[in-house]
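Engineer: Residue numbers (this note's numbering): 13 to 618.
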């Protein structure tokens with residue numbers, strides 16, 4: 013079976029030859045550079061430059077000369093063999109023959125996500141290297157891998173959020189065919205594959221759009237990365253289509269099962285339909301016969317994008333990353349109160365209870381961290397599966413000064429309690445690579461700007477400057493200890509060590525993770541597939557938490573004691589204990605919970 017996504021951008025193989033198309037509305041003149049030859053192009057009135065070549069072939073190198081001197085790659089390049097500043101390669105998507113024509117994905121309720129950075133997940137740092145880990149992840153209970161962004165970025169190493177050519181899987185990890193083999197192997201094992209995509213900004217090196225398509229950006233909507241993407245002004249139709257086709261390209265041409273949209277709160281759209289709405293609608297209309305899962309990162313906590321229809325299916329987006337759940341857990345477990353943890357440090361258990369029961373902790377409440385700005389919309393009507401929960405991810409680990417994981421910060425007993433509640437709660441869980449065995453390696457922020465020393469210095473200085481507002485880094489000497497993101501050693505230190513899984517204490521943590529994921533498969537997923545009826549929670553002055561979710565097929569209840577004194581609870585006669593901390597004593601249906609312990613029980617349907 014052959015798969016290709018047809019689009020108006022880039023180089024596309026047609027029956028008449030290879031069609032090249034570039035939207036360059038603010039260029040004075042454009043030439044196609046093809047296999048060493050130059051061909052001047054003429055624009056239509058909408059700023060499109062097109063040419064069909066019968067000489068070009070798969071593997072041809074091409075680019076565009078702008079205004080007589082600047083040669084740039086294709087912004088819709090399908091592959092860059094020589095990094096972001098060089099020529100693009102013509103790719104024939106139909107040269108790869110897929111063998112899994114019957115794969116249509118898996119229901120969302122079965123999802124257990126495993127976030128992975130291809131470059132640091134294995135010693136090889138490639139798609140092929142990652143393929144070798146899929147069997148073990150499947151056996152652990154993972155049902156989906158989520159790749160951090162792979163769009164072509166400058167240099168040989170990067171988190172992925174500095175990508176500038178979003179259609180080109182970065183050559184540092186292998187070829188497009190290697191990526192397709194990874195997807196195909198995952199599907200053979202019953203694993204879904206998600207991709208994190210970035211539609212809110214481009215990286216600082218290798219983005220040439222400003223040279224010939226200034227209207228791709230707008231000063232009306234500034235972002236932390238500079239001018240915003242123009243999705244609502246003059247010329248925005250081409251801009252919107254560039255991203256809409258990118259999403260469909262990954263889902264169709266690479267047969268991916270889902271996308272995670274990075275920081276959509278940074279995409280400002282004053283028009284209708286909103287970019288976020290049209291994006292999901294276009295995907296739903298184009299691919300109605302597969303399980304396609306669309307996940308948002310949205311600091312604004314806008315529940316409107318997560319509504320369900322009468323059949324309990326997502327109208328637009330499937331779920332949102334539940335930062336409130338993570339932030340509440342982190343403040344509760346570590347006591348940290350700086351940065352965005354300021355919003356949760358005053359009453360972390362109250363925030364955690366609300367977030368577990370209703371999805372968002374902030375539902376139209378003022379944010380102290382943002383000077384009282386009101387954030388969020390009511391979310392209690394949404395099912396728990398509308399939220400992706402996590403104890404850590406690339407952001408909350410990598411954005412720490414030293415990239416330390418949660419297991420580096422808290423005692424194992426507290427981590428075990430949090431992990432059990434996290435994995436057996438009805439939200440969709442996401443594990444960050446290595447979390448399943450409490451990996452000892454950090455995950456630090458890294459980039460490769462060796463060809464631009466000025467930019468490298470700016471990033472290095474900027475990274476250390478970010479932490480000056482934190483008490484621990486007011487001392488300049490301490491600030492200098494922050495790893496240099498441009499140093500290759502920072503990248504190498506972030507590679508996880510798979511040999512740890514056979515050693516204590518990692519072996520025991522992995523065993524516990526496997527046990528919890530098996531319980532999730534047998535006892536939690538069936539509940540999620542039934543109709544959600546609602547939830548309630550209670551947080552006591554003694555720092556105890558009691559959360560119950562009700563489904564037509566039963567109830568799920570979390571009881572946890574985060575206080576300093578033992579507490580007692582009675583559970584229902586029909587309740588069955590799924591998991592409990594060590595040290596809990598039971599007298600019939602009465603449970604005695606010591607400090608920092610918990611129990612998870614499942615009840616029968618009403």
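The beta-carbon is built from N, C-alpha and C at its ideal position, and this holds for glycine as well.
Treat the numbers as computed from the prediction; the structure is a model and nothing was measured.
Taking all protein chains shown into account, decide if residue 63 is buried (16 or more other Cβ within 10 angstroms of its Cβ) or exposed.
Structural biologist: Residue 63 is buried by the Cβ-count criterion.
Engineer: On a Cα-Cα basis, can you pick out the residue from 289, 397, 138 that is closest to residue 439?
Structural biologist: When each option's Cα is compared against that of residue 439, the closest is 397.
Engineer: Where do the N-terminal and C-terminal ends of the beta strand (DSSP E) with residue 506 fall, by residue?
Structural biologist: Premise fails: residue 506 is in no beta strand (DSSP E) and is neither H nor E.
Engineer: Buried or exposed: which applies to residue 455, given that a residue is buried once 16 or more other Cβ atoms fall within 10 Å of its Cβ?
Structural biologist: Per the 10 Å Cβ criterion, buried.
Engineer: Okay, do the region 259-276 and the region 301-310 touch, 3+ Cβ pairs below 8 Å being the bar?
Structural biologist: Touching, yes, given that three or more Cβ pairs across the two stretches are closer than 8 Å.
Engineer: Can the beta-carbon of residue 389 be found closer than 8 Å to that of residue 547?
Structural biologist: Not closer than 8 Å, so no.
Engineer: How many angstroms separate the CA atom of residue 282 from the CA atom of residue 244?
Structural biologist: Those two C-alpha atoms are separated by around 6 Å.
Engineer: Around the Cβ of residue 532, are there at least 16 other Cβ atoms within 10 angstroms (buried) or fewer (exposed)?
Structural biologist: With 16 or more Cβ atoms within 10 Å of its Cβ, residue 532 is classed as buried.
Engineer: May I have the straight-line CA-CA distance separating residue 52 from residue 278, to the nearest angstrom?
Structural biologist: In a straight line, the C-alpha of residue 52 is about 37 Å away from that of residue 278.
Engineer: Do the region 41-52 and the region 17-25 touch if we need at least three Cβ pairs shorter than 8 Å?
Structural biologist: With the cut-off at 8 Å, the region 41-52 and the region 17-25 do not touch.
Engineer: For the beta strand (DSSP E) that residue 305 lies in, which residues bound it at each end?
Structural biologist: 305-308 is the extent of the beta strand (DSSP E) around residue 305.
Engineer: What span of residues does the beta strand (DSSP E) with residue 550 cover, start to end?
Structural biologist: That run of the beta strand (DSSP E) goes 544-551.
Engineer: Just to confirm, is the Cβ distance from residue 288 to residue 262 under 8 Å?
Structural biologist: Contact: no.
Engineer: If you run the structure through DSSP and keep just helix, strand and coil, what is residue 488?
Structural biologist: Three-state result, residue 488: helix.
Engineer: Along the chain, where does the beta strand (DSSP E) that runs through residue 248 open and close?
Structural biologist: From DSSP, residue 248 is part of no beta strand (DSSP E) but of the alpha helix (DSSP H) over 248-265.
Engineer: For residue 194, which residues of its own chain have a beta-carbon under 7 Å away from its beta-carbon, when the five flanking residues on both sides are left out?
Structural biologist: Cβ within range, chain order: 139, 142, 143.
Engineer: Where does residue 484 land, buried or exposed, given buried means 16+ other C-beta within 10 angstroms?
Structural biologist: Residue 484 is exposed by the Cβ-count criterion.
Engineer: Helix or strand or just coil, what does DSSP make of residue 320?
Structural biologist: Three-state result, residue 320: strand.
Engineer: Mapping the DSSP letters down to three states, classify residue 467 as helix, strand or coil.
Structural biologist: Residue state, collapsed to three classes: helix.
Engineer: Would a C-beta distance cut-off of 8 Å place residue 362 and residue 551 closer than the cut-off?
Structural biologist: Yes, the pair counts as a contact, with Cβ atoms nearer than the cut-off.
Engineer: From residue 423 to residue 607, what does the alpha carbon distance come to, in whole angstroms?
Structural biologist: The straight-line gap from Cα to Cα measures roughly 14 Å.
Engineer: Going along the chain, which unbroken runs of the beta strand (DSSP E) with 3 or more residues stay wholly within the region 191-225?
Structural biologist: Listed in chain order, they are 204-209.
Engineer: Give me the DSSP bridge partner(s) of residue 604.
Structural biologist: Note: residue 604 sits in a beta bridge opposite 580, 597.
Engineer: Please state whether the Cβ-Cβ distance between residue 164 and residue 190 is less than 8 Å.
Structural biologist: No; because the gap between Cβ atoms is not below 8 Å, this pair is not in contact.
Engineer: Can you have a look at residue 349 and say buried or exposed, based on whether 16 or more other CB atoms are within 10 angstroms of its CB?
Structural biologist: When all chains shown are included, residue 349 counts as exposed.
Engineer: Measure the CB-CB distance between residue 157 and residue 124 and report whether it falls below 8 Å.
Structural biologist: No.
Engineer: Whose C-alpha, out of 257, 256, 400, is nearest the C-alpha of residue 313?
Structural biologist: The residue with the shortest Cα to Cα distance from residue 313 is 400.
Engineer: Under 8 Å, do residue 559 and residue 589 count as touching if we go by C-beta distance?
Structural biologist: No. Outside cutoff.
Engineer: How far does the beta strand (DSSP E) with residue 387 in it extend, from its first residue to its last?
Structural biologist: Here the beta strand (DSSP E) through residue 387 covers 385-387.
Engineer: Please determine, among 113, 537, 255, the residue with the shortest C-alpha to C-alpha distance to residue 122.
Structural biologist: Selected option, being the one with the closest Cα: 537.
Engineer: From the DSSP secondary-structure annotation, give me the bridge partner or partners of residue 63.
Structural biologist: Beta-bridge pairing links residue 63 to 32.
Engineer: Candidates 567, 227, 515: which alpha carbon is nearest residue 38's?
Structural biologist: Taking only the C-alpha atoms, the option nearest residue 38 is 227.
Engineer: Taking residue 687 as the reference, which of 393, 160, 120 has the closest Cα?
Structural biologist: Residue 687 falls outside the range modelled here, since the chain spans only 13 to 618, and no answer is possible.
Engineer: Could you tell me which residues DSSP pairs with residue 270 in its beta bridges?
Structural biologist: Answer by DSSP bridge pairing, in chain order: 206, 305.
Engineer: Quick one, which of 215, 119, 239, 43 has its alpha-carbon nearest residue 301's?
Structural biologist: Measuring from the Cα of residue 301, the nearest candidate turns out to be 119.
Engineer: Do you know offhand how far residue 170's Cα is from residue 504's?
Structural biologist: If you take the alpha carbons of residue 170 and residue 504, they lie about 12 Å apart.
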